[in-house]
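Q: Handing you a structure now.
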Amino acid sequence: MTESTMNKADFYTSIVLLIISLGIIIISIQMPSMTERNESQWSNPGVVPTFIGIALFLLSGSMLLRAIKRGVLKKNENINSDSKNGTIGVEEASSISKSPDKNSLFSNPYFRILITIVLCSLYASVLGKIWFPFATFVFIVLFIVVFEFDPKKSLRSQGKKLLWAMVIAACTSAAVTIVFQYLFLVNLP
Amino acid sequence: MFQGLELFGTAIVSFLNINALLNALWATGLGIIIGMLPGLTATMGVALLTTLTFKMQANDAILVLICMYVGSIYGGSRSAILLNIPGTPANAATTLDGYPLALQGRAGKAIGIATTGSFLGSMIGMIAMLIFTPVIGNIALQFQSYEFVWFSIFGIIICGNLTAPKDPLKGWIAGFIGLFVAMIGMDGIHAYVRFAFGNTDLAGGISLIPAMVGTFGFAEIISVMRYQRYEVVKTKIERVIPKLSEVFKYWKTIIRSGLIGTLIGAIPGVGEDIAAWVSYDFAKRGARPEEKEKFGKGSVEGLLASETGNNACVPGAIIPVLTLAVPGSAPAAVLLGAMLIHGVRPGPLIMVEFPTFIYECVAMVFIATVMMFILGLTMVRPLVKVLQIPRQKLMPIVFTLCLIGSYALQSRLFDVTIMVVFGIIGFVLREMEYPMAPLVLGIILGDILDKNLRRALILSNGSFAPFFTRPICLILFALTMLVVLSRAKWVHQLIGSLRKKGS
């Protein structure tokens, strides 16, 4: 992230954190004092969350002030200064250097992040609904095929990749199921 | 002291059987492999093995986990040297001199130096653990609720400060977010459900292990999958075992880095990465002018310092786990969770309830270190092959283990959701340069802070005076203020203007 992007991110994060910390304080204050149970008022379950809420409020408040001090609210004069200068951030540079083909969608870091999150979240969400070994098999095959797929090559020439993916998926699925279900006696979802 | 040595000797003898040695061998080997694969960290390795060992006897399971911990922190040096990518964050400083050495065609020598440094670092840390754990354990017996409150706050502040040196504010915010996460669910005194919003799963609280597998495992998978591939440096690996004179020439650096690593390990939440950087920095400052020039270009002393520092941190991080039930690093946090699962209750009472356990842990570190040294020097070529496994084939298998590992501990599907949510949040926070160690430390310290602050206030009838009048409290308060004020700009400006006036 460039400095201006980070400053912007800090600004929005601090606002979110301020709202959350205010919520924590309000909910904590409303917790029962326990005096009706003849307990000390200091044993109130809201004491520590209130303290944490106040600390978080102060910390995010100072981050907000710092972001404003660094000029986040000023018109976007400097925001694109990096690109205007023709320079790029370290991260952008590294992504280019690590991506052999920057025109391909599959070498775009953001697309790869998105695909990883979507595939993994989907797999996690079907647990308990689909038989575990089958879900694992499908997930691993999909993961390998999606990331190894080369749009420039014909589908037929990539059949070997699919076969390998299926072998790896079958072995992993079987091994994990046997180890956890029969060795550790875990009731798999 | 002699009784301690005797107990240590007895503990070592008790582990000299085929079963324990085989366990140590496979766990250390697996640790080295996990450590050397970018994307698989020591924390993730220990967390995954926790789920694989929970049917074992307590001593066997903890031996396996310590072997995994020691092995993976060392294993990361392999990819740092051959790929210029640290296998675990602990080996980031190793890339500075390890990779240039590999480029110069001295990869074998670099691997040998890193292995010897890690071995010596672990040994120094182990000796410190043997001497200081019982001492700190006895001091910890004097800790009451007031002291634990300050210790929790100090832990968050120092951890946030050291893990986010550029922006400690983010470290502190991460720590307090962790403390808040620990507040979710039933409170420990009245069983009152907090911040669950009617959700029965949330009422049960957020378990540490799934949260850690998410922040250190899934977040790392997302991070690794961002780029397509890495290239292993093409070099012939010649002699690996270093000459003794080559290593002991730097005996001062070894001892200094070992002590720094152990000390940093003992500070709550501050892990091996900081230990390696600080050791490296001190070695650079203390080096002879002709050696100083080589730092960053392939200095043997630099490589030795970082590897000695990070491995010395491992036993150091276990010291507060045993004596205060507060982890010195993220993998130590999982180790703490594993000990609780296996019925060992670390903390101030450990010297009373499990008096021999401390020495058994020291013996486990010793066995793990010896295994690491043997495997590190002998399995060089086969281990290089592991680095060539494509990430798109490895990561789905790792995610499957993260997922089933999170589920297996309590057979709760909600833990899988926690793992995924913490993984995504952890990834986003890391992108915005929030360190994860204070967050995890906060989840552990939250419960300690919650119970002890309320207990202390009940005892003092609402008075805050004991928090500032008891000697240990005063020291912890002063240290906390010192850390906070040392990072405040206005304090620096004030000191500067006072100096100007003085001169």
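Chains as they are written, first to last, in the numbering used here: chain A, 512 to 700; chain B, 612 to 1114.
Ideal placement from N, C-alpha and C gives every residue a C-beta, glycine not left out.
Given the structure is predicted, the values throughout are model-derived calculations rather than measurements.
(1) Do we get a CB-CB distance below 8 Å when we pair Leu1050 (chain B) with the residues of chain A?
(2) Would a check of beta-carbon distances place Ser690 (chain B) closer than 8 Å to chain A?
(3) Which class does Leu694 (chain B) belong to by DSSP, given the choice of helix, strand or coil?
(4) Return the residue from the list A:Ile526, A:Phe660, A:Ala680 and A:Lys580 that minimises the CA-CA distance to Leu570 (chain A).
(5) In chain B, which residues lie less than 9 Å from Ile538 (chain A) when you measure between Cβ atoms?
(6) Once the 5 residues before and after Ala725 (chain B) are set aside, which same chain residues still bring their CB inside 7 Å of it?
(7) Taking a Cβ distance cut-off of 7 Å, strictly less, list which residues of the region 683-698 of chain A are near chain B, in chain order.
(8) Can you round the beta-carbon distance between Thr1091 (chain B) and Phe619 (chain B) to whole angstroms, since I take them to be within the 8 Å contact cut?
(9) In whole angstroms, what separates the C-alpha of Leu663 (chain B) from that of Leu714 (chain B)?
(10) If contacts are defined as beta-carbon pairs under 8 Å, then Pro942 (chain B) and Pro879 (chain B) qualify, I think. What distance do you get, rounded to the angstrom?
(11) What does a CB cutoff of less than 7 Å around Lys903 (chain B) pick up in its chain, not counting 5 residues either side in sequence?
(12) Alpha carbon to alpha carbon, what distance is there between Lys854 (chain B) and Lys1004 (chain B)?
(13) Who are the neighbours of Trp553 (chain A) on chain B, taking C-beta pairs under 7 Å?
(14) Quickly, what does DSSP pair Ile1029 (chain B) with across the bridge? List them, please.
(15) Between the region 753-764 of chain B and the region 854-869 of chain B, are three or more C-beta pairs nearer than 8 Å?
(16) Between which residues of its own chain and Ser532 (chain A) is the CB-CB distance below 7 Å, once the five residues before and five after are set aside?
(17) Counting only the same chain and skipping the five closest in sequence on each side, list residues whose C-beta sits under 7 Å from that of Ile832 (chain B).
(18) If we ignore side chains and look at the alpha-carbon of each, how far apart do Ser763 (chain B) and Lys640 (chain A) end up?
(19) Is the CB of Pro611 (chain A) under 8 Å away from at least one CB in chain B?
(20) For the alpha helix (DSSP H) that Leu960 (chain B) lies in, which residues bound it at each end?
(21) From the DSSP output, in three-state form, read off Arg667 (chain A) for me.
(22) Spatial neighbours of Met1043 (chain B) within its chain, please: C-beta separation below 8 Å, excluding the five flanking residues on both sides.
(23) Determine, using beta carbons only, whether Leu529 (chain A) comes closer than 8 Å to chain B.
(24) Taking beta-carbon pairs under 9 Å, can you tell me which members of the region 994-1011 of chain B lie near chain A?
(25) Look up Ser605 (chain A) in the DSSP assignment and say whether it is helix, strand or coil.
(26) Just tell me which of B:Lys1062, B:Ser1108 and B:Phe1075 has its CA closest to the CA of Gly600 (chain B).
(27) Going by C-alpha distance, which of A:Ile535, A:Ile530 and A:Met517 is nearest Phe806 (chain B)?
(28) In terms of alpha-carbon separation, which member of B:Thr1080, B:Gly958, B:Gly825 and B:Arg867 lies closest to Ala1048 (chain B)?
(29) Distance check for Thr652 (chain B) and Arg1002 (chain B), CA to CA, integer angstroms please.
(30) Does the separation of the CB atoms of Pro700 (chain A) and Leu1020 (chain B) fall below 8 Å?
(31) Give every residue of the same chain whose Cβ lies closer than 6 Å to the Cβ of Met797 (chain B), excluding the five residues on either side of it in the sequence, and list them in chain order.
(32) List the residues that DSSP assigns as beta-bridge partners of Leu638 (chain A).
(33) Step through the CB atoms of chain B and report whether any lies within less than 8 Å of the CB of Ile579 (chain A).
(34) Going by C-alpha distance, which of B:Ala631, B:Gln614, B:Met647 and B:Ala635 is nearest Ile1000 (chain B)?
(35) Whose CA, out of B:Val624, B:Met975, B:Leu960 and B:Ala923, lies closest to the CA of Ile673 (chain B)?
(36) Grab me the residues of Ile651 (chain A)'s own chain with a C-beta within less than 8 Å of its C-beta, minus the 5 sequence neighbours each way, in chain order.
A: Taking the geometry as given:
(1) no
(2) no
(3) coil
(4) A:Ile526
(5) Arg805 and Phe806
(6) Ser688, Ile692, Thr705, Gly709, Leu914 and Glu918
(7) Thr683, Val687, Phe691, Phe695, Val697 and Asn698
(8) Wrong, their Cβ atoms sit about 35 Å apart, outside the cutoff.
(9) 39 Å
(10) The pair is not a contact, with the Cβ atoms about 14 Å apart (cut-off 8 Å).
(11) Lys895
(12) 39 Å
(13) Arg1065, Leu1068, Ile1069 and Gly1073
(14) Its beta-bridge partners do not exist; DSSP assigns none.
(15) no
(16) Gly564, Leu567, Phe568 and Ser571
(17) Gly650, Met1006, Val1009 and Phe1010
(18) 41 Å
(19) Confidence in Pro611 (chain A) is poor, its pLDDT being 48 and thus under 50, which makes the residue's placement unreliable; the coordinate value appears in the next sentence. Yes, Pro611 (chain A) lies at the interface with chain B (some Cβ there is under 8 Å from its Cβ).
(20) Taken as a continuous stretch (DSSP letters only), Leu960 (chain B) belongs to no alpha helix (DSSP H), as it is neither H nor E.
(21) helix
(22) Lys781
(23) no
(24) Pro1001, Arg1002, Gln1003, Lys1004, Met1006, Pro1007, Ile1008, Phe1010 and Thr1011
(25) Legend: pLDDT at Ser605 (chain A) = 41, less than 50; position of this residue unreliable, no value from coordinates given.
(26) Nothing about residue 600 (chain B) can be read from this structure; chain B reaches only from 612 to 1114.
(27) A:Ile535
(28) B:Gly825
(29) 14 Å
(30) no
(31) Val804
(32) A:Ile641
(33) no
(34) B:Met647
(35) B:Met975
(36) Ala676, Ile679, Ala680, Thr683 and Ser684
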